[in-house]
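In my numbering, the protein residues as written are 22 to 117. Using N, Cα and C, we set each Cβ at its ideal position, and we do this for glycine too. This report concerns only the one structure given below.
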Amino acid sequence: MSAPELAPRSSVTGIGAVWIAALLGGIAIAIFVPAPQQAQWFVLALAASLLVSFGVQLAYGRSTGFIRRVAASVLGALLALGVVSAAVGLATIIPG
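Set out below in structure tokens:
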């Protein structure tokens, strides 16, 4: 028989890890992918963030708040990729 956890692990680190992975993926896309294909790669990075988020939250091992944690992870990844995408868009518009 298993006893309930008295002090559950913090889920903030898993959510933050997905955000950082999405940000690093977006920066890598901005640097290494040619401009005409970047939009497709940003979508793939968001899909990968969703899969990573599921994996991280399943590894967390608690069912309580699973949907909220996955939603927070994916929303943060979307915002991180959106910021990188907007920066890439502005960099192409503004002559340097």
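- When V109, P116 and I36 are compared, the shortest CA-CA separation from P55 is found for V109.
- By the CB criterion at 7 Å, I50 and S94 fall outside the cutoff.
- Fully contained in the region 53–86 are the following alpha helix (DSSP H) runs of length 4 or more, in chain order: 59–81.
- A direct Cα-to-Cα measurement between A69 and F53 gives close to 17 Å.
- Take the alpha-carbon of V64 and the one of I48: they are about 14 Å apart.
- Under the three-state reduction of DSSP, S32 is assigned to coil, being neither helix nor strand.
- Between the beta-carbon of V91 and that of L44 there is about 18 Å, and that puts the pair past the 8 Å contact cut.
- The beta-carbon distance between S74 and V39, rounded to whole angstroms, is 5 Å. This is short enough to meet the 8 Å contact definition.
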